[in-house]
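These protein sequences, in sequence, are chains A and B. Here the first sequence stands for residues 6 to 143, numbered as in this note's numbering. Here the second sequence stands for residues -17 to 170, numbered as in this note's numbering.
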Amino acid sequence: MKEFDDQKIQKLIEEQFMGEPMLSSTDPKDKEVYKQLFEILGEEPSLTIPLDFSGKVTARISVRQARAGDVRFYLFLLLICLLGFGIGFILLRLADREFSMQLAAVFMQYKFIWLSGLFLLFIVQYLDFTIKRPTIKI
Amino acid sequence: MFDENEIISRVLHKDLRAFEILVKQYERLVFHVVGRLVHNYGDTQDICQEVFIKVHKNLGSFEFKSKLSTWIAKIAYLTAINYLKKYRNSGEDEVSEDMDKLHFTNEHPESVLEKKDTAAYVNMLIDQLPEQYRIVLTLYHLNEFSYQEIEDITEMPEGTIKSYLFRGRKLLKEKLEVYLKSEWHERV
């Protein structure tokens, strides 16, 4: 019975029918406490939003975008370099086949140095992106 | 006047100023949702930042099937829940089937009475409820979401939402009744 009363009061307060005759059978104290509870639940609790929170969020997004842009730029640069070397090698091969073969042999002889250098460059970029990522304190 | 469609369109055209307006519009909602679930203020701030970064990243996939506030509240809710799953002990704060056995802190109402603040007392009680109750009460009463919207945000069935709301309010009412009675006795 009490459970039913609680249900009834909550429903009627929700629908703002406090003056409803149906409620006259229920305990007026219950009605009053529920009314007060609903008012409190609707009140905004004290909330501390840091000063310029929105500015700090956009600043963080801006830094992320700039970094993503940097990565795209470096990848593009790498692609251009590889294409440049490729085209240069083809032109050299057309102009002087023997010299181009010697050059390719030298390149292949030191291939581990080139590849290690390239790998190191990627590692440095990666660490720069992950470790040095700035954190914005609020 | 906040024009949701115009702001979304501007953000999608990489206008960060528009995104700042969007953050200002919804920061209170996000802080309410996250703050109700996560009690550490420092973590709440970090999670709220993370929520808006996710909003910015995924705004292109927003399909206008719901209000933007519902979509943002859902991201806030899921981010906070994921944080809780990651950083708290398993089993902690799970919903008790028998809410009548819910144990509130032993702090006697009289000690809280000193504050002379009923709202603070109720908010303290809410903080001790299981997270599902807290979030449903917050979304319904404070943010004024409908049952359907709360269902979209939390993915709980409407019946469960109604049940959490009813049981949560009943429990709070019982404690508030005792509190008010003590307050009345103290005045007399």
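Think of the CB as a built atom: it goes at the ideal place given N, C-alpha and C, for glycine as much as any other residue. From a predicted model like this one, the values you see are computed outputs, not experimental measurements.
Option nearest residue i by Cα separation, candidates the options
i: PHE46 (chain B); options: B:ARG116, B:GLU(-14), B:ALA62, B:HIS(-5); result: B:GLU(-14)
i: TYR59 (chain B); options: B:VAL(-7), B:LEU121, B:ARG(-8), B:PHE44; result: B:LEU121
i: LEU56 (chain A); options: B:ILE35, B:LYS6, B:VAL15; result: B:LYS6
i: ARG116 (chain B); options: B:SER145, B:GLN130, B:THR100, B:TYR8; result: B:SER145
i: LEU162 (chain B); options: B:PHE13, B:HIS14, B:LYS(-4), B:TYR103; result: B:TYR103
i: VAL15 (chain B); options: B:LEU107, B:ARG(-1), B:HIS(-5), B:SER51; result: B:SER51
i: PHE148 (chain B); options: B:LEU41, B:ASN64, B:ASN125, B:VAL118; result: B:VAL118
i: ILE108 (chain B); options: B:LYS49, B:THR136, B:LYS157; result: B:LYS157
i: LYS(-4) (chain B); options: A:VAL38, A:SER67, A:MET106, A:LEU96; result: A:SER67
i: VAL20 (chain B); options: B:THR136, B:ILE63, B:MET(-17); result: B:ILE63
i: ILE132 (chain B); options: B:MET(-17), B:ILE35, B:LYS49; result: B:LYS49
i: LEU124 (chain B); options: A:LYS34, A:ASP10, A:PHE43; result: A:PHE43
i: THR100 (chain B); options: B:VAL160, B:GLN114, B:LEU(-2); result: B:VAL160
Proximal residues to residue i (C-beta, below 7 Å), its chain only, five neighbours per side dropped
i: ALA53 (chain B); result: Per the sequence shown, the amino acid found at residue 53 (chain B) is Trp instead of Ala. PHE44, listed in sequence order.
i: PHE1 (chain B); result: VAL(-7), HIS38
i: GLY17 (chain B); result: THR26
Any non-hydrogen atom of the ligand COA closer than 8 Å to residue i Cβ
i: PHE46 (chain B); result: In the structure shown, the ligand COA is absent, as is every other ligand, since no ligand is present at all.
Continuous alpha helix (DSSP H) stretch holding residue i: start and end
i: MET(-17) (chain B); result: Per DSSP, MET(-17) (chain B) belongs to no alpha helix (DSSP H) and is neither H nor E.
i: ASN22 (chain B); result: Unbroken run through ASN22 (chain B): none, as it is neither H nor E.
i: THR120 (chain B); result: THR120 (chain B) -> no alpha helix (DSSP H), and no H or E assigned at all.
i: PRO33 (chain A); result: 33 to 47
i: ILE135 (chain B); result: 129 to 136
i: ASP75 (chain A); result: 58 to 100
i: LYS56 (chain B); result: 50 to 69
i: TYR115 (chain A); result: Counting along the chain, TYR115 (chain A) falls outside any alpha helix (DSSP H), and DSSP gives it neither H nor E.
i: ILE108 (chain B); result: 100 to 110
Beta-carbon proximity list for residue i, same chain, < 8 Å, skipping 5 on both sides
i: ALA109 (chain A); result: PHE94
i: GLU32 (chain B); result: THR61
i: PHE182 (chain B); result: The structure shown does not extend to residue 182 (chain B), since chain B is modelled only from -17 to 170, so the question has no answer here.
i: PRO26 (chain A); result: Model confidence at PRO26 (chain A) stands at a pLDDT of 49, short of 50, so the residue's coordinates are unreliable and nothing is read from them.
i: GLU74 (chain B); result: Model confidence at GLU74 (chain B) stands at a pLDDT of 49, short of 50, so the residue's coordinates are unreliable and nothing is read from them.
Beta-carbon contacts of residue i that lie in its chain and below 6 Å, excluding the five residues immediately before and after
i: GLU144 (chain A); result: This structure gives no information on residue 144 (chain A), because the portion of chain A shown stretches from 6 to 143.
i: LYS97 (chain B); result: Note that LYS97 (chain B) scores a pLDDT of 42, beneath 50, so its modelled location is shaky; the value from the coordinates is reported in the next line. There are no such residues.
i: PHE34 (chain B); result: VAL5
i: TYR129 (chain B); result: GLU140, ILE143
May I ask you to verify whether the stretch 61 to 70 of chain B touches the stretch 10 to 27 of chain B, counting CB pairs closer than 8 Å and requiring at least 3?
yes
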